Structures are given as C-alpha cells and as structure tokens.
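Beneath this line is the structure, given in structure tokens, with notes to follow.
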Amino acid sequence: MNNSTKSTVESMTISAELASTIAELKASIASLNALVESLKSDNEYLKNNNDLLREENAYLKRKLFGVKSEKMPCSVEQLSLF
1 MNNSTKSTVE SMTISAELAS TIAELKASIA SLNALVESLK SDNEYLKNNN DLLREENAYL
61 KRKLFGVKSE KMPCSVEQLS LF
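Heads up: the sequence shown at position 30 corresponds to 30 in the UniProt record's numbering, and the numbers run straight through without jumps.
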C-alpha cells in the first residue's frame, strides 16, 4: 500500500470509530434525559408528599397540644382551689 491509500484507510477507520462513538453518546444522552425526567417526576411526588405530611403533623400537634375544649376559664364567682 502506498502512503495515500494507507492514509485514506486510516481516515475511514477513524471516521467509522467517530460515527460509532457519536451514536453511543447520543444513546447515552437519550437515556440520561429519560432518567432526568423520571427523577423530576419522583422529586415532585416526594415534595407533594412532604407537604401533606407536614400539614398532617401540624394538625396532629394542634389536636394533641392545642387548647382543650373541656378547660373552662376560671369564674370570678367560683373560688380557685389552687
């Protein structure tokens, strides 16, 4: 083989390798984009769930530690035992 033929073969080999690498990278990008969308969806679900749990926690704290209905204010007419 002469130098120009050798150079052409090497150039074609490099071009084929580059085309293969580009195809692999495009597939990786598509896969990663799908993963990003899935993670965005999961994140949104978890944020909503977290908000609901915070609301539930606040409600339960109010029920547990809030003002009790059976407590009556001290009447001036009734003497305090304490």
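Note that the Cβ used here is the ideal one computed from N, Cα and C, for glycine as well.
Small disclaimer: the values here were computed from a predicted structure and weren't measured.
Using the C-alpha atoms, what's the distance from residue j back to residue i?
i: L25; j: L35; result: 15 Å
i: V9; j: S20; result: 16 Å
i: K6; j: A16; result: 15 Å
i: K63; j: K47; result: 24 Å
i: E37; j: N3; result: 50 Å
i: A23; j: N43; result: 30 Å
i: D51; j: L39; result: 18 Å
i: G66; j: L53; result: 19 Å
i: L18; j: I29; result: 16 Å
i: Y59; j: N49; result: 15 Å
i: N33; j: Y45; result: 19 Å
Is any heavy atom in the ligand ADP found nearer than 7 Å to the beta carbon of residue i?
i: E10; result: With respect to small molecules bound, the structure shown includes none, and the ligand ADP cannot be examined in it.
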